[in-house]
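So the sequence shown is residues 3 to 427, counted in this note's numbering. All C-beta atoms in this analysis are idealised placements derived from N, C-alpha and C, irrespective of residue type, glycine included. These numbers come from a predicted model, not from an experiment. Structure first, commentary second.
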Amino acid sequence: MTAPAASRRVAVVGGGWAGLAAAVRACSLGHQVSLFEMAPQLGGRARSVTRDGLTLDNGQHILIGAYRDTLALMRQVGVDPAAVLHRQPLTLRYPDGSGLRLPPGPALPAFARGVLGWRDLPWRDRFGLLILAARWRLQGFRCPPSMTVAELARQCPPQAYRELIEPLCVAALNTPAEQASAQVLLTVLRDALFGAPGAADLLLPRAPLDALLPTAALEWLQAHGARVALSRRVMSIAVTDEAVTIDGEAFDHAIVATPPGEAARLLAKLAPEWSRGAAAFSYQPIITAWLRAPQARWSQPMMALRADGLRPAQFGFDLGALGGPEHTYAMVVSGAAAWVDAGTEATRAALMNQWEEAFPAVEHGAVEWLTSRTEKRATFACKPLLQRAPARVHRRVTVAGDHVQGPYPATLEGAVRSGLAAVQE
Ligand SMILES: Cc1cc2nc3c(=O)[nH]c(=O)nc-3n(C[C@H](O)[C@H](O)[C@H](O)COP(=O)(O)OP(=O)(O)OC[C@H]3O[C@@H](n4cnc5c(N)ncnc54)[C@H](O)[C@@H]3O)c2cc1C
Numbered sequence: 003m004t005a006p007a008a009s010r011r012v013a014v015v016g017g018g019w020a021g022l023a024a025a026v027r028a029c030s031l032g033h034q035v036s037l038f039e040m041a042p043q044l045g046g047r048a049r050s051v052t053r054d055g056l057t058l059d060n061g062q063h064i065l066i067g068a069y070r071d072t073l074a075l076m077r078q079v080g081v082d083p084a085a086v087l088h089r090q091p092l093t094l095r096y097p098d099g100s101g102l103r104l105p106p107g108p109a110l111p112a113f114a115r116g117v118l119g120w121r122d123l124p125w126r127d128r129f130g131l132l133i134l135a136a137r138w139r140l141q142g143f144r145c146p147p148s149m150t151v152a153e154l155a156r157q158c159p160p161q162a163y164r165e166l167i168e169p170l171c172v173a174a175l176n177t178p179a180e181q182a183s184a185q186v187l188l189t190v191l192r193d194a195l196f197g198a199p200g201a202a203d204l205l206l207p208r209a210p211l212d213a214l215l216p217t218a219a220l221e222w223l224q225a226h227g228a229r230v231a232l233s234r235r236v237m238s239i240a241v242t243d244e245a246v247t248i249d250g251e252a253f254d255h256a257i258v259a260t261p262p263g264e265a266a267r268l269l270a271k272l273a274p275e276w277s278r279g280a281a282a283f284s285y286q287p288i289i290t291a292w293l294r295a296p297q298a299r300w301s302q303p304m305m306a307l308r309a310d311g312l313r314p315a316q317f318g319f320d321l322g323a324l325g326g327p328e329h330t331y332a333m334v335v336s337g338a339a340a341w342v343d344a345g346t347e348a349t350r351a352a353l354m355n356q357w358e359e360a361f362p363a364v365e366h367g368a369v370e371w372l373t374s375r376t377e378k379r380a381t382f383a384c385k386p387l388l389q390r391a392p393a394r395v396h397r398r399v400t401v402a403g404d405h406v407q408g409p410y411p412a413t414l415e416g417a418v419r420s421g422l423a424a425v426q427e
């Protein structure tokens, strides 16, 4: 901010998690905040939606224990993370009961014990995986910036690669391992798997996404005197010597917290080079499908699924076990570009086949397709050497969002951190 000590008029454009973080922070510092959101509700990509009479999330989200700033923001606006998130140690268990499960406790010993206890992985491979992880640690979790995850993990035992590295990569970076940035994955592994105790824990929402942040943030902002304008798309941003104007209204500072394409449009005149960079992103889709299976019985709320050219989904979630609609399951296809190309009908058929193969009707009863949702621009494609735009574009204008320069892939934590940083600038 240009002069954080004094109360200033601050406009935040975009009410996703980055914009909400920025608005709450600016308000906490005593600024007069106006938040503009073009949708009729807050939350952006991490919001609740109603489909075919069901309240669902825009897409299934997973948080992890390392989401320090997101959890702190939730607490600040009055949400108790323990009440809305189901916490469990990192578990990548498949329907046949195989897979990795980390025990609780300090990160390094927990990882070693988890790998040594991975029963269906041959002993040679368990040691191979531990040696590889030790090497990454000795190298300070750094690698050449041009390296892909597939190249980084070339010496990984093939089963550990398929059942741990590939799913972790696509879950965290939403980009297939052959295309994904090894450096970004190493940063995530450093902070999660080898971070503070509990950093690798999975935090699965057991309330609609709206209840995790957007609803409480709206109430908090209004109670603290902020103006929140919903269904209000900002069309123009201009800067004069005295002010930055949002559709003609004057402010001291503006934080543009829209997705990159819209930020590029809004800032094209003010910062043409910045806008060209932001407009050049490529994206990866995520498909979420919801199914109903009244007789299905899962041993855990989240299941890893074996994905390949015939099986789209990498993860499944038992929403009934997570406080959601009874007998309802979500299947998630991350890094879904190939399935979007294959088309809706082919993907639906492949998902139904995958379910029936993983959860045979003999044990789990019949399954019924409910609905699906494809977010074509779910996140930017997290590729090696990706140039991400900096947060500061002008003395009076900063940018926030999961796409802004930073060490993390497109995640809630990346969005929240960038929102907080946009106010500190
Ligand atoms: C299906 C799916 C699954 C995901 N899974 C996970 C996960 O498991 N874990 C995880 O951490 N992350 C996940 N993500 C990523 C996460 O949702 C995003 O990183 C995060 O929500 C981005 O927040 P943001 O505020 O940067 O952007 P957005 O959420 O896109 O917010 C931008 C806001 O700006 C508004 N806007 C745009 N233009 C204007 C304008 N001109 N005027 C006013 N308002 C405007 C938009 O309506 C929107 O509300 C997932 C994303 C998707 C889509």
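Using a Cβ-Cβ cutoff of less than 6 Å, which residues in the same chain neighbour A352 once the five nearest sequence positions on both sides are dropped? P314
What residue range is occupied by the uninterrupted beta strand (DSSP E) comprising R294? 285–294
Apart from the five residues on each side of it in sequence, which residues of its chain come closer than 6 Å, Cβ to Cβ, to Q185? C145, P147
Once the 5 residues before and after P169 are set aside, which same chain residues still bring their CB inside 7 Å of it? L94, A306, Q316
Rank P159, M304, G326 by C-alpha distance to the C-alpha of D203 and give the top, closest one. Check the Cα spacing between D203 and each of P159, M304, G326: the tightest is with M304.
Could you pull out every residue in the same chain whose Cβ sits closer than 8 Å to the Cβ of T4, ignoring the five residues on either side in sequence? Reliability fails at T4, whose pLDDT of 43 lies under 50, so the model's placement of it is uncertain and the value that follows must be treated cautiously. R10, D254, H255, R397, R398, listed in sequence order.
With three or more C-beta pairs closer than 8 Å as the rule, is the segment 13–29 touching the segment 66–82? As far as the Cβ criterion goes, the segment 66–82 touches the segment 13–29, which means the pair count is three or higher.
Report yes if the C-beta distance between E39 and L232 is below 9 Å; otherwise report no. Going by C-beta atoms, E39 is nearer than 9 Å to L232.
Inspect the beta-carbon positions of V35 and L223 and report whether they are closer than 9 Å. yes
Could I get the ranges of all uninterrupted alpha helix (DSSP H) runs contained in the segment 135–217, with 4 residues as the minimum, in chain order? 151–154, 168–175, 184–193, 211–214
What did DSSP end up calling A306 once you bin it into helix, strand or coil? Strand at A306.
Roughly how many angstroms lie between the CA atoms of A340 and E264, to the nearest whole one? 25 Å
G318 - DSSP class collapsed to helix/strand/coil: strand
Given a threshold of 16 other Cβ atoms within 10 Å of its Cβ, counted over all protein chains shown, does L220 qualify as buried or as exposed? buried
For W19, count neighbouring Cβ atoms within 10 angstroms of its own Cβ and tell me buried if that reaches 16, exposed if not. Counting Cβ neighbours within 10 Å, W19 comes out buried, since at least 16 surround it.
Reduced DSSP secondary structure (H/G/I, E/B, other) of P6: Low confidence applies here, because P6 scores a pLDDT of 47, under 50, leaving its location unreliable; read the following figure in that light. Correct three-state label for P6: coil.
Residues bridged to T57 (per DSSP): T52
Heavy atom of ligand 1 within 8 Å of N60 beta-carbon: yes
Under three-state DSSP, which class holds S36? strand
Within 10 angstroms of its Cβ, does T52 collect 16 or more other Cβ (buried), or is it exposed? exposed
So what does DSSP say about L65, is it helix, strand or coil? strand
Taking D343 as the reference, give the member of Q286, S420, D71 with the closest Cα. Q286
Does ligand 1 have even one heavy atom less than 8 Å from the beta-carbon of I257? no
Quick one: is the Cβ of P160 within less than 8 Å of any heavy atom of ligand 1? no
Can you check whether the CB of A280 is closer than 9 Å to the CB of L481? Only positions 3 to 427 of the chain appear in this structure, which leaves residue 481 out of reach.
From E347 to I289, what distance separates their C-alpha atoms? 13 Å
Distance check for A198 and A112, CA to CA, integer angstroms please. 11 Å
Helix, strand or coil for V364 per DSSP? helix
Is E175 near ligand 1, with its Cβ less than 8 Å from a heavy atom? It should be noted that the sequence gives Leu, not Glu, for residue 175. No, the beta carbon of L175 sits no closer than 8 Å to any heavy atom of ligand 1.
Going by other Cβ atoms of all chains shown within 10 Å of its Cβ, with 16 needed for buried, is G318 buried or exposed? buried
Three-state secondary structure (DSSP) of Q78: Correct three-state label for Q78: helix.
Going by beta carbon distance, what residues of the same chain come within less than 7 Å of P6, once the five residues before and after it are set aside? Low confidence applies here, because P6 scores a pLDDT of 47, under 50, leaving its location unreliable; read the following figure in that light. The residues are L31.
Measuring CB to CB, does A360 end up less than 9 Å from R308? yes
Any heavy atom of ligand 1 closer than 8 Å to the Cβ of E251? Every heavy atom of ligand 1 is 8 Å or more from the Cβ of E251, so no.
Would you call E415 buried or exposed, if buried means 16 or more other Cβ atoms sit within 10 Å of its Cβ? buried
Short Cβ contact (9 Å threshold) for G67 with R47: no
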